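Chemist: My structure is below; once you've seen it, I'll send some questions.
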Amino acid sequence: MDAQHLNLIYLIVAAALATFATRFGGYVLITQLKRIPPRLEAALNAVPAAVLTTLVAPAFVYGGFDVAASMLVAFAIGLRFSTLRMLLVGWVAVMAIRHLVL
Amino acid sequence: MNRDDFRAGLRGGFPVMLSASPFGALFGALAVDNGFSVADAVFMSATVYAGASQMVGIELFGNNVQPWLVVLSVFAVNFRHVLYSASIAKHIRHFTLIQKLLAFFLLVDPQYAETEQRGERGLPVTFSWYLGFGLVIYFPWVLNTLVGALFGQLIGDPKAIGLDVLLPIYFLGLVLGFRTRDRFLPVVAISAVASVAAMHFVGSPWHVSIGALAGILLAAFLPQEPRPRQGLAAVEKEA
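Protein sequence lines, in the order shown, are assigned to chains A and B. For the first sequence, the residue numbers in our numbering are 50 to 151. For the second sequence, the residue numbers in our numbering are 48 to 286.
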């Protein structure tokens with residue numbers, strides 16, 4: 050196994066430990082801390098949406114017309130339907146744009 | 048071990064397993080597309096076992112983001128699990144230490160939701176039930192990753208068959224899943240603007256930390272509306 054691949058294994062193990070820490074951490078925390086300060090709770094509450102948005106917005110802006118258009122279509126679907134359907138319709142949209150329009 | 052409870056858990060987890068299966072396969076295919084080997088993809092599903100954060104991990108890895116930032120992002124996306132484990136503590140206090148460790152390892156979103164509901168309804172949350180529910184989701188998740196990764200290996204150019212749009216759309220779906228939360232719109236708006244600006248002025252991978260930090264700080268400093276204490280009613284939908 051070369052060094053680069055070994056680094057990936059370390060990365061995955063670290064990610065697994067980090068994930069386990071979140072799943073175990075709350076149990077430890079609840080037995081120690083009685084109440085979470087409201088501002089901290091608000092900040093923690095915002096973490097997932099804030100992180101995930103940073104993976105969406107630049108892709109939309111810099112991904113090119115085909116990606117942006119299919120993300121818009123998927124967004125409209127996502128307001129009403131499941132993520133799986135967003136993926137399906139978004140995929141159909143990008144394939145249609147690439148093969149029929151561009 | 049109680050066989051009836053274990054079977055009840057298997058039955059309860061079965062529909063969850065079915066709905067998560069396409070995402071397992073999708074993860075496998077996209078992981079290979081982002082430079083993972085088939086074994087790496089399966090290893091990640093088997094050890095991390097958290098769909099959304101696994102997708103974040105391969106996306107950032109594929110973009111050559113520094114390892115510590117990848118791990119930090121995985122940690123951030125999984126941060127909600129801190130709340131889950133705090134919340135189910137009251138239902139699993141009677142588990143032994145080993146049982147607790149295993150239970151926390153298997154604590155994905157639907158596992159949390161179902162455990163909470165079962166506890167609220169006054170049904171016993173036995174380890175046998177918990178394990179049945181968890182394993183019927185866990186093993187197919189790993190297996191589907193393998194299938195997806197093997198399929199991904201056959202794909203030459205992912206762009207030619209439109210695979211490259213699936214990750215941003217998947218993340219978009221996850222973001223939409225949070226839209227009933229307090230301060231959703233301002234947080235998403237500022238994170239979007241900050242991440243695009245950071246991408247432009249600083250460059251990848253800093254758009255992730257800078258964009259996320261902007262949204263998190265905004266949430267902390269916006270005026271706190273007084274509201275009745277609510278539990279963890281909303282469970283995010285996640286693969």
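Backbone N, C-alpha and C define an ideal beta-carbon position, used for all residues, glycine too. Note that this is a predicted model, so its numbers are computed, not measured.
Could you give the distance in angstroms between the alpha-carbon of Gly-104 of chain B and the alpha-carbon of Leu-55 of chain A?
Modeler: Residue numbering aside, residue 104 of chain B sits at position 57 when the second sequence is read from its first letter. Residue numbering aside, residue 55 of chain A sits at position 6 when the first sequence is read from its first letter. Those two C-alpha atoms are separated by around 16 Å.
Chemist: Count the other C-beta atoms from every protein chain shown that fall within 10 angstroms of the C-beta of Ala-142 of chain A, then say buried if there are 16 or more, exposed otherwise.
Modeler: For the purposes of this step, residue 142 of chain A is taken as the residue at position 93 of the first sequence. So Ala-142 of chain A ends up on the buried side.
Chemist: DSSP three-state label for Arg-58 of chain B, please.
Modeler: The residue given as residue 58 of chain B occupies position 11 in the second sequence. DSSP places Arg-58 of chain B in helix when its eight states are reduced to three.
Chemist: Determine the direct distance from the alpha carbon of Leu-148 of chain B to that of Phe-180 of chain B, and round the result to whole angstroms.
Modeler: The sequence position of residue 180 of chain B within the second sequence is 133, counting from 1. The sequence position of residue 148 of chain B within the second sequence is 101, counting from 1. So the two alpha carbons sit approximately 16 Å from each other.
Chemist: Quick one, are the C-beta atoms of Val-117 of chain B and Phe-108 of chain B less than 8 Å apart?
Modeler: Along the second sequence, read from residue 1 onward, the residue named residue 117 of chain B stands at position 70. Along the second sequence, read from residue 1 onward, the residue named residue 108 of chain B stands at position 61. Yes.
Chemist: Start and end of the alpha helix (DSSP H) containing His-128 of chain B?
Modeler: The residue given as residue 128 of chain B occupies position 81 in the second sequence. From DSSP, the alpha helix (DSSP H) with His-128 of chain B extends over 127-135.
Chemist: List the endpoints of the continuous alpha helix (DSSP H) containing Met-48 of chain B.
Modeler: Within the second sequence, the letter at position 1 stands for residue 48 of chain B. Looking at the DSSP string, Met-48 of chain B is not in any alpha helix (DSSP H), and its letter there is neither H nor E.
Chemist: Can you tell which of B:Arg-226, B:Pro-270 and B:Gly-82 has the C-alpha that lies nearest to the C-alpha of Ala-196 of chain B?
Modeler: As a working mapping, residue 196 of chain B is identified with position 149 in the second sequence. Among B:Arg-226, B:Pro-270 and B:Gly-82, the Cα nearest to that of Ala-196 of chain B is on B:Gly-82.
Chemist: Please list, in chain order, the residues of the region 57-71 of chain A that have any C-beta partner in chain B closer than 8 Å.
Modeler: Answer set for the region 57-71 of chain A: Leu-57, Ile-58, Tyr-59, Leu-60, Ile-61, Val-62, Ala-63, Ala-64, Ala-65, Ala-67, Thr-68, Phe-69, Ala-70 and Thr-71.
Chemist: Helix, strand or coil for Leu-170 of chain B? Go by DSSP, reduced to three states.
Modeler: Locating residue 170 of chain B in the second sequence gives position 123, where the first residue counts as 1. Three-state result, Leu-170 of chain B: coil.
Chemist: Are three or more beta carbon pairs between the region 74-91 of chain B and the region 53-63 of chain B nearer than 8 Å?
Modeler: Contact fails: fewer than three Cβ-Cβ distances are below 8 Å.
Chemist: I'd like to know if Val-150 of chain A contacts chain B, where contact means its C-beta is closer than 8 Å to some C-beta of that chain.
Modeler: Within the first sequence, the letter at position 101 stands for residue 150 of chain A. Closer than 8 Å: no.
Chemist: Do Leu-104 of chain A and Leu-213 of chain B have their CB atoms nearer than 8 Å?
Modeler: For the purposes of this step, residue 104 of chain A is taken as residue 55 along the first sequence, with counting starting at 1. For the purposes of this step, residue 213 of chain B is taken as residue 166 along the second sequence, with counting starting at 1. Contact: no.
Chemist: Please confirm whether Phe-124 of chain A has its beta-carbon closer than 8 Å to some beta-carbon of chain B.
Modeler: Your numbering for residue 124 of chain A matches position 75 in the first sequence. Yes, its Cβ sits closer than 8 Å to a Cβ of chain B.
Chemist: Counting contacts by CB-CB distance shorter than 8 Å, is Leu-104 of chain A in contact with chain B?
Modeler: Numbered from 1 along the first sequence, position 55 holds the residue referred to as residue 104 of chain A. Output row for Leu-104 of chain A: interface = yes.
Chemist: So, is the C-beta of Arg-129 of chain A closer than 8 Å to a C-beta in chain B?
Modeler: On the first sequence, residue 129 of chain A is found 80 positions in, with the first residue counted as 1. Not an interface residue.
Chemist: Taking 8 Å as the limit between beta carbons, can you name the residues of its chain near Gly-112 of chain A, skipping five residues before and five after?
Modeler: Within the first sequence, residue 112 of chain A is the residue found at index 63, counting from 1. So the list reads Met-120, once near-sequence residues are dropped.
Chemist: Within the same chain, show all residues whose beta-carbon is closer than 7 Å to that of Gly-258 of chain B, passing over the 5 residues directly before and after it, in chain order.
Modeler: Within the second sequence, residue 258 of chain B is the residue found at index 211, counting from 1. Excluding positions up to five away in sequence, the list reads Ser-238, Ala-241, Ser-242 and Ala-245.
Chemist: Any idea what DSSP makes of Arg-88 of chain A, helix, strand or coil?
Modeler: The sequence position of residue 88 of chain A within the first sequence is 39, counting from 1. Note: Arg-88 of chain A maps to helix in three-state DSSP.
Chemist: Are the beta-carbon atoms belonging to Leu-154 of chain B and Arg-72 of chain A less than 8 Å from one another?
Modeler: On the second sequence, residue 154 of chain B is found 107 positions in, with the first residue counted as 1. On the first sequence, residue 72 of chain A is found 23 positions in, with the first residue counted as 1. In contact: Leu-154 of chain B and Arg-72 of chain A (Cβ atoms closer than 8 Å).
Chemist: Return helix, strand or coil for Tyr-159 of chain B, following the three-state DSSP convention.
Modeler: Residue mapping note: residue 159 of chain B aligns to position 112 of the second sequence, counting from 1. Helix at Tyr-159 of chain B.
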